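Before any comments, here is the structure.
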Ligand code: 0X9
Ligand code: CA
Ligand code: ZN
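And the structure:
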């Protein structure tokens, strides 16, 4: 059981949010064509990820840019990737953002992002291909459905569709927001804390929960602490510690700098686990202004991955999460996706299937931004 679930179970709320997880129906398992992505050990190390990204950026420099958006306490680079035609120019095309690993012990989020990047750049220059050698071309797109009733799922997607998405949008990916936490396999980052409000001259503990460190409604905890204290830590030794002030962490600052300097319309922040698609707000039960759009895009995502769609606060209330800030501050249609049924599955095939299914989700999200792009945000 997730630590946070335990915390809130103590508050007698377990039934409320375990319900959707217990009833979540996993979609049929997708198969990745062997030609596109071969299964490997489940997780890249930070160093392997860096090497992989540098290699892809070198080999596909016409459509992929790799750059640093910040440096962590332990000195790791926080990498961002941009994929588009004319990648070195801002062309005013609709922009989308995918992020993984706000929490270092939720590794599948990085794999989903990395495999998506790899799939995009490797597919871009490919002609339309009969991936499953059945004589038919592009008859089964990545949508979680066996469109041609051959018992295989998503086995022959369209290369030119992927190419058109890359041409028509600007795709940003931050595969690992919290590399220090990832390297230590812990939820928080590794920054030293100086008491709850940062006023203690001595180091009192280590680590801030990046997904509590964003600035939107951050001070509200003092208004109704009973609502938030179970899942938003005001004490520095808490595993959900929100930091001494909003955007105190290098990681949240890095994401803020990318988001503030672009015009993102839709964003997905990948976490594990629970098979859920969550839309704002996390801080209040009031519906977001764009509830209709949030639900209609969310339902389409759920048609692909079969996850359960709901408002974030239904899981539990939080302050300072990335999606509340992206939506509240910038009007970005920001979703949290809780992948899978455990934090870090050890079975490579399970991780591989999560990746493939969410490549489909990500392509849909890009298509959605392309269609609705400038009306959003
Ligand atoms: O607590 C979080 O940050 C996310 N869940 S996790 O188990 N991956 O830690 C959920 C964030 C969504 N926001 C709210 N539920 N308020
Ligand atoms: Ca472009
Ligand atoms: Zn998480």
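In my numbering, the protein residues as written are 998 to 1374. Every residue, glycine too, gets a C-beta built ideally from N, C-alpha and C. None of the values given here were measured: they were computed from a predicted structure.
Count the other CB atoms within 10 Å of the CB of residue i; is the residue buried (16 or more) or exposed (fewer)?
i: residue 1179; result: buried
i: residue 1064; result: exposed
i: residue 1272; result: buried
i: residue 1068; result: exposed
i: residue 1127; result: exposed
i: residue 1045; result: exposed
i: residue 1243; result: buried
i: residue 1008; result: Its pLDDT being 39, under 50, residue 1008 is placed unreliably in this model, and the value from its coordinates should be taken loosely. Under this definition residue 1008 is an exposed residue.
i: residue 1133; result: exposed
Between which residues of its own chain and residue i is the CB-CB distance below 6 Å, once the five residues before and five after are set aside?
i: residue 1202; result: 1190, 1233, 1234
i: residue 1110; result: 1095, 1097, 1170, 1172
i: residue 1282; result: 1310
i: residue 1197; result: 1191
i: residue 1390; result: With the chain covering only 998 through 1374, there is no way to say anything about residue 1390.
i: residue 1259; result: 1092
i: residue 1057; result: 1118
i: residue 1351; result: 1105, 1336, 1337
With residue i as the anchor, note down where its beta strand (DSSP E) starts and where it stops.
i: residue 1097; result: 1092–1097
i: residue 1308; result: 1305–1308
i: residue 1169; result: 1167–1171
i: residue 1067; result: 1061–1068
i: residue 1275; result: 1273–1276
i: residue 1333; result: 1330–1336
Give me the Cβ distance between residue i and residue j, rounded to the nearest whole Å; I'm assuming they're in contact under 8 Å.
i: residue 1156; j: residue 1124; result: 7 Å
i: residue 1276; j: residue 1295; result: 6 Å
i: residue 1363; j: residue 1162; result: 5 Å
i: residue 1181; j: residue 1101; result: 6 Å
In the DSSP assignment, find the unbroken alpha helix (DSSP H) run with residue i in it and report its ends.
i: residue 1291; result: 1288–1302
i: residue 1265; result: Where residue 1265 is concerned, there is no enclosing alpha helix (DSSP H), although the beta strand (DSSP E) it sits in stretches over 1261–1269.
i: residue 1323; result: 1319–1327
i: residue 1047; result: 1043–1056
Does at least one heavy atom of ligand 4 sit under 6 Å from the Cβ of residue i?
i: residue 1208; result: Only ligand 1, ligand 2 and ligand 3 can be found as ligands here, which leaves ligand 4 out of the picture.
So, at 7 Å on beta carbons, what are the nonlocal neighbours of residue i in its own chain, with the 5 sequence-adjacent residues on each side left out?
i: residue 1314; result: 1224, 1225, 1228, 1279, 1280
i: residue 1251; result: 1066, 1067, 1075
i: residue 1207; result: 1099, 1174, 1175, 1186, 1246, 1248, 1249
Which residues in the same chain have their Cβ closer than 8 Å to the Cβ of residue i, if we skip the five residues on either side of it in sequence?
i: residue 1140; result: 1151, 1300, 1301, 1357, 1361
i: residue 1366; result: 1091, 1092, 1093, 1166, 1262, 1263, 1373
i: residue 1114; result: 1050, 1053, 1061, 1078, 1080, 1170, 1172
i: residue 1230; result: 1206, 1209, 1236, 1237, 1238, 1239
TODO: Quick one: residues with CB closer than 5 Å to any heavy atom of ligand 3, in chain order, please.
DONE: 1100, 1103, 1268
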